[in-house]
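Number of protein chains: 2
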Amino acid sequence: MSIQLRSEIERKFRNKEFTCEKELTMSIISGKYKVVIIWHLGNEGSHRYSELFKLFKGISNRILTKQLRDLEQDGIISRHVYPVAPPKVEYFLTDMGKTLLPIVNDIWRWGKENMQ
Amino acid sequence: MSIQLRSEIERKFRNKEFTCEKELTMSIISGKYKVVIIWHLGNEGSHRYSELFKLFKGISNRILTKQLRDLEQDGIISRHVYPVAPPKVEYFLTDMGKTLLPIVNDIWRWGKENMQ
Chain A
-8 MSIQLRSEIE RKFRNKEFTC EKELTMSIIS GKYKVVIIWH LGNEGSHRYS
42 ELFKLFKGIS NRILTKQLRD LEQDGIISRH VYPVAPPKVE YFLTDMGKTL
92 LPIVNDIWRW GKENMQ
Chain B
-8 MSIQLRSEIE RKFRNKEFTC EKELTMSIIS GKYKVVIIWH LGNEGSHRYS
42 ELFKLFKGIS NRILTKQLRD LEQDGIISRH VYPVAPPKVE YFLTDMGKTL
92 LPIVNDIWRW GKENMQ
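Below, the structure is given as structure tokens:
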């Protein structure tokens, strides 16, 4: 988790903006596409931006970039920029992001079971 | 899950508004207070409205009522109205709601571990 995020979270706890730890986790994963991003990076390995973009119907670049930036600031994903032309950027789960994967997989499984 | 919700979800899948099952689950639990409500009902048993209200600093009646109504429509919680005076309403997890509890407990545990 970034130092920036940690101090922001500590501030929120001090100000009673977070009631508890559950809200912390939800604040990290509850963006509309975040769980899906974590699932794909965790279960299928690193993805390029364009590959992530294709996963979502009708998403805008602005929204996807924002979700990726949030996840990066929260220490859940990281990106590697290859210093070659054409520019290539790959996103992958950090070690901390990997600890969220069991929850994300359970979220997927629950949705699957309850759609049947 | 209510018939109403199921048909709404089926419509969303048809229209490609949901990419996948993960989004279904997130659409059910990602209201700001929903995970917290599920955690308390699941781990501490049924709660009266006033007891739930006290759990959240600065929540409005309008917001709490909306979150409870969503969860009820999604088949996650149910309420029992006692036919006595003064009126007493208790909320509890449904059998389907109980299947979400392991995920909610993991969400809590993850937040706890990552705040330390």
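In the order they appear, the protein sequences are chains A and B. Take -8 as the starting number for the first sequence in my numbering and just add one per residue. Take -8 as the starting number for the second sequence in my numbering and just add one per residue. Note that the Cβ used here is the ideal one computed from N, Cα and C, for glycine as well. Please read these numbers as outputs of a predicted model, since none were measured by experiment.
#1: Taking 8 Å as the CB-CB cut-off, is GLU42/B touching chain A?
#2: Which residues in chain B have a C-beta closer than 8 Å to the C-beta of ILE94/A? List them in chain order.
#3: Would you kindly check if the distance between the Cβ of ILE20/B and the Cβ of VAL26/B is under 8 Å?
#4: Could you tell me whether the Cβ atoms of SER37/B and PHE83/B are closer together than 8 Å?
#5: On the three-state DSSP scale, how would you describe ILE67/A?
#6: Against chain B, does SER51/A count as a neighbour if the rule is that its beta carbon must be under 8 Å from one of theirs?
#7: List the residues of chain A that GLU13/B touches, going by C-beta distances under 8 Å, in chain order.
#8: Is it true that the CB of LEU92/B sits closer than 8 Å to the CB of GLY22/B?
#9: Decide if TYR24/B is buried, meaning its Cβ has at least 16 other Cβ atoms within 10 Å, or exposed.
#10: Against chain B, does THR85/A count as a neighbour if the rule is that its beta carbon must be under 8 Å from one of theirs?
#11: Which of the three DSSP states is assigned to VAL27/B in this structure?
So, to answer that:
#1: One-based indexing of the second sequence puts residue 42/B at position 51. By this cut-off, GLU42/B is not an interface position.
#2: Residue numbering aside, residue 94/A sits at position 103 when the first sequence is read from its first letter. Going along chain B in sequence order, the residues near ILE94/A (Cβ under 8 Å) are ILE94, ASP97, ILE98 and TRP101.
#3: By 1-based counting over the second sequence, the position of residue 26/B is 35. By 1-based counting over the second sequence, the position of residue 20/B is 29. Yes. Within cutoff.
#4: Residue mapping note: residue 37/B aligns to position 46 of the second sequence, counting from 1. Residue mapping note: residue 83/B aligns to position 92 of the second sequence, counting from 1. Contact: yes.
#5: Walking along the first sequence from the start, residue 67/A turns up at place 76. Residue state, collapsed to three classes: coil.
#6: To locate residue 51/A, count along the first sequence from 1; it is residue 60. No, no contact with chain B.
#7: What you label residue 13/B is simply residue 22 of the second sequence in a count that begins at 1. The question names Glu, but residue 13/B is Lys in the sequence shown. At a beta-carbon threshold of 8 Å, the residues of chain A lying near LYS13/B are VAL26, VAL27, TRP30, VAL95, ILE98, TRP99 and GLY102, ordered along the chain.
#8: Translated into positions along the second sequence, residue 22/B becomes position 31. Translated into positions along the second sequence, residue 92/B becomes position 101. Result no, Cβ atoms of GLY22/B and LEU92/B do not sit closer than 8 Å.
#9: For the purposes of this step, residue 24/B is identified with residue 33 of the second sequence, where counting begins at 1. Buried, by the Cβ-count rule.
#10: Walking along the first sequence from the start, residue 85/A turns up at place 94. Answer no: the Cβ-Cβ gap between THR85/A and chain B never drops below 8 Å.
#11: Start at 1 with the first residue of the second sequence, and residue 27/B comes out as number 36. If DSSP states are grouped into helix, strand and coil, VAL27/B belongs with the helices.
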